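In the numbering used here, the protein residues as written are 5 to 123.
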């Protein structure tokens, strides 16, 4: 039995889950901002003129920020009576820590320090 199967099925308001998805996307955008800065410094110190990697990282960051805002607006405008089961929704999320944040649960694992699920 995988750790996902051990997660309890628990329905909760869709707006709460969408809110967590918004926070997760914003967190990833912030992480990518830090990476974007590191790439920029590496390009400058190498004296490289090719900024495509830096521009691509910035485009991904902007996309994540847009996704975060989209989820936040969906959360704000979703009827509080609409329920969902985030434990079921995380089945295809490969990063355990991310799945826990999204489902707001602690998944039981054999090796808690592992970030990836066994696939």
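Here a beta-carbon is modelled for each residue, glycine too, at the ideal position from N, C-alpha and C. What you are looking at is a predicted structure, and each value in this text was computed from that prediction instead of being measured.
Please classify residue i: does DSSP put it in a helix, a strand, or coil?
| i | result |
| --- | --- |
| residue 17 | strand |
| residue 109 | coil |
| residue 22 | helix |
With a cut-off of 9 angstroms, does the C-beta of residue i fall near any C-beta of chain C?
| i | result |
| --- | --- |
| residue 16 | Among the chains in the structure shown there is no chain C, since it carries only a single protein chain. |
Taking 9 angstroms as the cut-off, decide whether the C-beta atoms of residue i and residue j are in contact.
| i | j | result |
| --- | --- | --- |
| residue 36 | residue 68 | yes |
| residue 43 | residue 32 | no |
| residue 14 | residue 62 | no |
| residue 26 | residue 85 | no |
| residue 83 | residue 65 | no |
Can you tell which of the options has its C-alpha closest to the C-alpha of residue i?
| i | options | result |
| --- | --- | --- |
| residue 94 | 87, 38, 103 | 103 |
For residue i, is the beta carbon positioned less than 8 angstroms from some heavy atom of the ligand PLP?
| i | result |
| --- | --- |
| residue 97 | Ligands in the displayed structure: none, and consequently the ligand PLP is not present. |
Please report the Cβ distance between residue i and residue j, rounded to the nearest whole angstrom; I am assuming they are in contact, meaning their Cβ atoms lie under 8 angstroms.
| i | j | result |
| --- | --- | --- |
| residue 16 | residue 87 | 7 angstroms |
Stretch-stretch touch, CB-based, cutoff 8 angstroms, three pairs: the segment 101-110 with the segment 12-30: Yes: at least three Cβ pairs fall under 8 angstroms.
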